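In the working numbering, the protein residues as written are 69 to 278. Everything below concerns the one structure shown next.
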């Protein structure tokens with residue numbers, strides 16, 4: 069029947085999108101990752117400021133990217149160009165898009181999982197999550213082989229301009245956000261979704277005959 073197929077497709081898409089967006093949200097909000105990056109890379113020493121000052125600037129950025137009522141980005145210790153500020157504005161919009169999809173997909177996932185539980189059909193997710201679990205290792209391999217290319221490709225997909233190519237002279241904040249930090253965020257993201265996919269696969273497998 070067509071209707072059940074559409075329902076299944078919509079449900080699976082909701083689950084996948086929920087896993088992706090909740091993982092993105094976790095990585096964004098997991099500030100210890102930035103603290104570790106700054107410490108391991110020696111950013112305070114390179115920038116000539118304390119760790120506390122550096123983290124204060126990072127939290128200013130996070131607040132701007134998350135709160136709609138903060139419409140201007142003013143770093144306490146960094147100057148910014150118009151193109152740099154515009155790039156952060158675009159990032160802000162992407163954050164909002166992620167949270168919107170997270171909310172919508174969580175609702176869709178809730179009702180789909182509720183339906184599967186009612187009809188004892190969790191087992192139908194086995195194939196979906198088995199295949200999904202194969203994707204993160206491939207992306208991690210790409211990351212290990214050529215993170216530079218992945219980083220550039222990411223920006224080419226999500227941004228239609230070159231404002232993300234910061235000039236340290238006009239946007240010194242880029243020195244506080246080195247490429248290594250973003251590599252760690254990608255790594256954590258791929259690991260998170262892999263864990264989610266494996267757990268979901270194992271759960272659906274255990275419920276195959278229930």
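Ideal Cβ positions, reconstructed from N, Cα and C, are used throughout, including at glycine. These numbers come from a predicted model, not from an experiment.
query: Reduced DSSP secondary structure (H/G/I, E/B, other) of residue 189; result: coil
query: Cβ pair residue 271, residue 190 closer than 8 Å; result: yes
query: The stretch 88-101 in contact with the stretch 177-186 per 3-pair CB rule at 8 Å; result: no
query: Distance between residue 219 and residue 159 (C-alpha atoms, nearest Å); result: 15 Å
query: Cβ distance (whole Å) where residue 83 is taken to contact residue 244 below 8 Å; result: So it is not a contact: roughly 36 Å between Cβ atoms.
query: Exposure label - residue 165; buried when at least 16 CB within 10 Å; result: exposed
query: Delimiting residues of the alpha helix (DSSP H) encompassing residue 235; result: Segment: none, residue 235 is in no alpha helix (DSSP H) and carries neither H nor E.
query: Residue 241 beta carbon less than 8 Å from that of residue 146; result: yes
query: Burial state of residue 90, where buried means 16 or more other Cβ atoms lie within 10 Å; result: buried
query: The alpha helix (DSSP H) enclosing residue 68, as first and last residue numbers; result: Since the first residue of the chain shown is 69 and the last is 278, residue 68 is not available in this structure.
query: N- and C-terminal bounds of the alpha helix (DSSP H) containing residue 303; result: One cannot answer for residue 303 here, as it falls past the ends of the chain, which runs 69 to 278.
query: Where residue 125 falls: helix, strand or coil (DSSP); result: helix
query: Straight-line Cα distance separating residue 203 from residue 114; result: 37 Å
query: Within 8 Å, strictly: CB atoms of residue 170 and residue 106; result: no
query: Range of the contiguous alpha helix (DSSP H) that encloses residue 261; result: 247-274
query: The stretch 249-257 contacting the stretch 206-225, beta-carbon criterion three pairs below 8 Å; result: yes
query: For residue 87, the nearest candidate out of 177, 148, 134 (CA to CA); result: 177
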